[in-house]
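To start, the structure itself, in structure tokens.
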Amino acid sequence: MTPIIVIGLLAGFLIGSVGIGGVIVVPALAYLIDLDIRYAIAAALMGFVFTGIVGTVQYARKGSIAWGPAKVLVAAAAPAALLGSLMIQSVSPLLLKCLIGVLAALSGLQAIFGSSILEGASARALSSRQLATAGAFTSFVSTLSGTGGPLLLVPILMWQQQPLLGAIGLSQVIQLPISVVATLTNFTMGTLDLYLGGALAIGLSGGCWLGASAAHHLPGKVLKLIVSCLLVVIGAAIVADVARSSL
Numbered sequence: 030m031t032p033i034i035v036i037g038l039l040a041g042f043l044i045g046s047v048g049i050g051g052v053i054v055v056p057a058l059a060y061l062i063d064l065d066i067r068y069a070i071a072a073a074l075m076g077f078v079f080t081g082i083v084g085t086v087q088y089a090r091k092g093s094i095a096w097g098p099a100k101v102l103v104a105a106a107a108p109a110a111l112l113g114s115l116m117i118q119s120v121s122p123l124l125l126k127c128l129i130g131v132l133a134a135l136s137g138l139q140a141i142f143g144s145s146i147l148e149g150a151s152a153r154a155l156s157s158r159q160l161a162t163a164g165a166f167t168s169f170v171s172t173l174s175g176t177g178g179p180l181l182l183v184p185i186l187m188w189q190q191q192p193l194l195g196a197i198g199l200s201q202v203i204q205l206p207i208s209v210v211a212t213l214t215n216f217t218m219g220t221l222d223l224y225l226g227g228a229l230a231i232g233l234s235g236g237c238w239l240g241a242s243a244a245h246h247l248p249g250k251v252l253k254l255i256v257s258c259l260l261v262v263i264g265a266a267i268v269a270d271v272a273r274s275s276l
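For what it's worth, this note's numbering labels the leading residue of the sequence shown as 30, then goes sequentially.
Right, dumping it as structure tokens:
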């Protein structure tokens, strides 16, 4: 119980502050607790229901969520989450890990060395089609990998020249359709341990609340550097793990 809550606290803080902590949950459950990967994904996604609620409330209170784009993302994410949940049995976990690792590392490098947008700058307006595509892709891959959504959506929106704090705010919202749809599907399929998911949710919720509060007290440049470096480190670690598993 205690190790699960600790994992949740750490991951929740990162989700709330920089939007990408969900990527550590499934590997931690699988490697540290020796949990079957499908049950780890199901438990993580149940926990993300609560980080989605906490993160959305916190960022909404600070005025950091653009509700117009959020509605488009949610509408696209829900059906994609259902499709991802149904396909999870037939997709290679190694393939998914490799995809997430490469994407995370490249996103971090692009954020460090590419052009930047600071908080308060004018964001480039995204079309409904662009937002829907980003939402569906994020939801489908996040459901299959158990990463919840922020890991993918934050770098995608950063590539599209969106302010970082706003991108993290939208990533909190997209957790809700992804995690709710996936949790209901996983429960139906018998891969959800409610006790494990509940323990994880306690840690994730508390950590997310603290992280979301911290995010609004950090300078924009510092926050962006934290996000970028974490993406590179996490991506490299995932790719290295896939390489070791393939040998």
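The beta-carbon is built from N, C-alpha and C at its ideal position, and this holds for glycine as well. Every value quoted in this text rests on a predicted model; they were computed, and no experiment measured them.
Secondary structure in the region 64-111: the alpha helix (DSSP H) runs of 4 residues or longer, each lying completely within the stretch, are 66-90 in chain order. Membership of A154 in any alpha helix (DSSP H) is not indicated, and neither H nor E is assigned to it by DSSP.
In this structure, L74 and N215 form a Cβ contact; the two beta carbons are roughly 7 Å apart against a cut-off of 8 Å. Rounded to the nearest whole angstrom, the CA to CA distance from D63 to A89 is 37 Å.
Distance from the Cα of T162 is smallest, within the candidate group L58, A104, V131, for A104. Of all alpha-carbon atoms in S114, W238, G137, the one lying nearest the alpha-carbon of T220 is that of S114. With respect to the C-alpha of A266, the residue from F166, I33, T31, A57 having the closest C-alpha is A57. The beta carbons of S156 and P179 sit no closer together than 9 Å.
Restricting attention to G240, V210, G81, I82, the CA atom closest to the CA of L111 is found in V210.
Taking the Cα positions, P192 is about 34 Å away from I66.
Shown here, P192 sits in coil according to DSSP, grouped into three states, outside any helix or strand. Rounded to whole angstroms, the gap between the alpha carbons of T172 and S93 is 25 Å.
One Cα belongs to A99, the other to A272, and the distance between them is close to 36 Å. A direct Cα-Cα distance of roughly 12 Å separates G264 from L181. For the region 187-235, the full-length alpha helix (DSSP H) segments reaching 4 residues or more read 193-218 along the chain.
Exclusion of the five residues before and after L259 leaves L43, V47, I49, G137 as the residues of its chain whose Cβ lies within less than 8 Å of its Cβ.
Using a Cβ-Cβ distance cut-off of 8 Å, the region 229-243 and the region 74-88 are in contact, since at least three pairs of beta carbons, one from each stretch, lie closer than that value. Each residue's CA atom was taken as its position, placing I207 and A69 some 16 Å apart. In terms of Cβ geometry, P184 and A133 form a close pair [threshold 9 Å].
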